[in-house]
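Remarks on the structure that follows.
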Amino acid sequence: MEKNLKGQDGELMEEPAQDEKVVVHAGFERFALLTDEQAVALADEDSLALEYILHKYKNFVRAKARSYFLIGADKEDIVQEGMIGLYKAVRDYDVEKKASFRAFAELCITRQIITAIKTATRQKHQPLNTYVSLNKPVYDEESERTLVDIIAATKVSNPEEIIIDKEDYASIEEEITNMLSSLEKKVLSFYLQGLSYQQIAKIMNRHEKSIDNALQRAKGKIDKFLAAKGTPQE
140 MEKNLKGQDG ELMEEPAQDE KVVVHAGFER FALLTDEQAV ALADEDSLAL
190 EYILHKYKNF VRAKARSYFL IGADKEDIVQ EGMIGLYKAV RDYDVEKKAS
240 FRAFAELCIT RQIITAIKTA TRQKHQPLNT YVSLNKPVYD EESERTLVDI
290 IAATKVSNPE EIIIDKEDYA SIEEEITNML SSLEKKVLSF YLQGLSYQQI
340 AKIMNRHEKS IDNALQRAKG KIDKFLAAKG TPQE
């Protein structure tokens, strides 16, 4: 029988819907007497602490996601963006700033959802997590590596053979977006944001093997597409 978890303010967090494939880890009990701030502090070194926070706040994320709507986007897409915001909150939380984790998490969740909606709106109103940008910095905006760099480095023996005219980027991005399945696009989007297979699996409630398979399929499709577009150097 799955137990309700109490929030920081003692409020009961509602149980996940019956159709959700969520498993409450027995090890969560050791975090029961900790404050959220203490549990978050352990998350860097303890993956179970991270899983505990992600699970505990999932219904909080769902509640925030209900306030937003985007034509063409599935409800779960918005929830998953909120989970990305929650993950970033765990990663970036600084106890020295004296703010409660709940308040900081709410800020990060809201900001992530709004950013995703604005991005999707700019990209021809396509659903969240369904648009793949070839020249988007991988992991963060400070990175100099792009999707093309990653695919070239992992799949093509001679990366210099891939030559793509910048003027063709828009049409190529659209073609790649259309060739990937919904799952492949979502997994690739999370991967490009710097999440590990384990973190993506937790957010999407899937096994890591499923995430790995989806990412490998996406990389394979993109590799073949880019190779066909490339012009070998003499």
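Taking the numbering used here, the leading residue of the sequence shown gets 140, the next gets one more, and so forth. Yeah, the Cβ is synthetic: ideal placement off N, Cα and C, and Gly gets one too.
Review point. So, helix, strand or coil for H346, using DSSP?
Key: Residue state, collapsed to three classes: coil.
Review point. Per DSSP, what kind of secondary structure is K237 in: helix, strand or coil?
Key: Under the three-state reduction of DSSP output, K237 falls in the coil class, being neither helix nor strand.
Point to revise | Buried/exposed call for I253, threshold 16 Cβ in 10 Å | key: I253 comes out exposed.
Check your understanding: Would you say the stretch 171 to 178 touches the stretch 319 to 327, given that touching needs at least three Cβ pairs under 8 Å?
Key -> Between the stretch 171 to 178 and the stretch 319 to 327 there are fewer than three C-beta pairs closer than 8 Å, too few to call the two in contact.
**Study point:** Three-state class that DSSP yields for F208 in the structure shown
**Key:** In the three-state DSSP reduction, F208 falls in the coil class, being neither helix nor strand.
Check your understanding: Whose CA, out of L365, M343, E184 and Y191, lies closest to the CA of D175?
Key -> With distances taken between Cα atoms, D175 lies closest to Y191.
Check your understanding: Under the three-state reduction of DSSP, which class applies to S328: helix, strand or coil?
Key -> Assigned with DSSP and collapsed to three states, S328 falls in helix.
Exercise for review: Could you check how far apart the C-beta atoms of Y226 and Q338 are, in whole angstroms? I think they sit under 8 Å.
Suggested key: Right, their Cβ atoms sit about 6 Å apart.
Exercise for review: Below 8 Å on the Cβ atoms is my guess for A204 versus G221; work out the distance and round it to an integer in Å.
Suggested key: Correct: roughly 5 Å between the Cβ atoms.
Review point. Can you tell me whether DSSP reads L174 as helix, strand or coil?
Key: Note on residue identity: the sequence assigns Thr, not Leu, to residue 174. DSSP places T174 in the coil class of the three-state scheme, outside both helix and strand.
Review point. Which of the three DSSP states, helix, strand or coil, is assigned to D304?
Key: Interpretation of D304 is limited by its pLDDT of 47, a score under 50 that renders its predicted location unreliable; the figure taken from the coordinates is listed afterwards. Coil, per DSSP.
**Study point:** Endpoints, alpha helix (DSSP H) assigned at S186
**Key:** Per DSSP, S186 is one residue of the alpha helix (DSSP H) stretching across S186 to K195.
Check your understanding: Is it buried or exposed for S328, if we count other Cβ within 10 angstroms and need 16 for buried?
Key -> Under this definition S328 is a buried residue.
**Study point:** CA nearest to the CA of F208, picked from T249, L181, R241 and E245
**Key:** Comparing Cα-Cα distances from F208 to each of T249, L181, R241 and E245, the minimum goes to T249.
Point to revise | Straight-line Cα distance separating Y336 from V234 | key: So the two alpha carbons sit approximately 27 Å from each other.
Practice item. In angstroms with no decimal places, state the Cα-to-Cα distance between V218 and R345. Key: Taking the Cα positions, V218 is about 15 Å away from R345.
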